[in-house]
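Student: In this note's numbering, the protein residues as written are 566 to 716.
The beta-carbon is built from N, C-alpha and C at its ideal position, and this holds for glycine as well.
The structure is given below, and queries will be raised subsequently.
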Amino acid sequence: MTPPAAAPVPETASWARRILALFVDWFASSFVVIVILGPGRFFADQQTRPDPLPGILTIVVFVLETSVLTALAGGSFGKLATRLRVVRTDGSGRPVGLLVALARTILVAAVIPPLIFRPDGRGLHDMMAGTATVTVQTANAAAAGRDRRAS
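Next comes the structure, spelled out in structure tokens:
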């Protein structure tokens with residue numbers, strides 16, 4: 566009996582689009598924190614009155630927003646805005662679960678895992694989560710291929 570063949574990893578999105586999506590997410594997270602704390606506290610002079618709360622809250626909002634939206638919509642706010650999706654690489658077509666999305670996002674927030682990547686463009690955070698960041702077109706083509714095989 567031979568083991569089942571592994572599903573091919575879909576072609577990943579360009580680094581430029583992924584970095585743009587990250588900037589959009591960070592800007593959106595910062596905006597939410599500005600609304601919560603007020604601009605005066607967010608932009609306070611850190612030389613005279615160091616306040617770690619704005620930075621900590623920005624990271625917390627980023628992790629929550631990215632994790633929840635990845636699990637529910639297939640990508641963070643920034644990924645959705647730049648027409649990217651996070652997909653599972655097992656070929657199942659199922660959405661990424663909330664715990665997997667949370668673990669993946671925490672690794673992204675740790676900065677180092679996205680900087681370690683394979684030639685196929687998947688970072689350490691994607692390899693550990695069993696995911697890949699692809700364009701909407703790639704995700705739709707993979708879904709269409711699964712639908713054809715199922716019927």
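1) Mind checking threonine 654: buried by the 16 CB within 10 Å criterion, or exposed?
2) With distances taken from CA atoms, which of Ala706, Val661, Ile671 is nearest alanine 697?
3) Going by DSSP in three states, arginine 687 sits in which element: helix, strand or coil?
4) In angstroms, rounded to a whole number, what distance separates the CA positions of aspartate 685 and valine 597?
5) Please state the DSSP three-state secondary structure of valine 699.
6) Which value, in whole angstroms, describes the spacing of the CA atoms of aspartate 610 and leucine 602?
7) Measure the Cβ-Cβ separation of alanine 586 and glycine 643 and say whether it is below 8 Å.
8) Taking one C-beta from the segment 689–704 and one from the segment 673–681 each time, how about it: are there three or more such pairs within less than 8 Å?
9) What did DSSP end up calling arginine 669 once you bin it into helix, strand or coil?
10) From what residue to what residue does the beta strand (DSSP E) around arginine 650 run?
11) With a Cβ-Cβ cutoff of 8 Å, do threonine 623 and aspartate 590 count as a contact?
12) If I follow the unbroken alpha helix (DSSP H) through glycine 643, where does it start and stop?
13) Which term fits leucine 649, buried or exposed, when burial requires 16 or more other beta carbons within 10 angstroms of its beta carbon?
Tutor: Let's see:
1) Buried is the label assigned to threonine 654, since at least 16 other Cβ atoms lie within 10 Å of its Cβ.
2) Between alanine 697 and the set Ala706, Val661, Ile671, the nearest pair of CA atoms involves Val661.
3) Coil at arginine 687, not helix or strand.
4) Between the alpha carbons of aspartate 685 and valine 597 lies a gap of roughly 34 Å.
5) The answer is strand: DSSP assigns valine 699 an E or B state.
6) If I take the Cα positions, the gap works out to 15 Å.
7) The answer is yes: Cβ separation under 8 Å.
8) Between the segment 689–704 and the segment 673–681, the count of C-beta pairs closer than 8 Å reaches three or more; the two stretches touch.
9) Correct three-state label for arginine 669: helix.
10) DSSP places arginine 650 inside the beta strand (DSSP E), whose first and last residues are 649–653.
11) In this structure, aspartate 590 does not lie closer than 8 Å to threonine 623 by Cβ.
12) Element bounds for glycine 643: 642–646.
13) When all chains shown are included, leucine 649 counts as buried.
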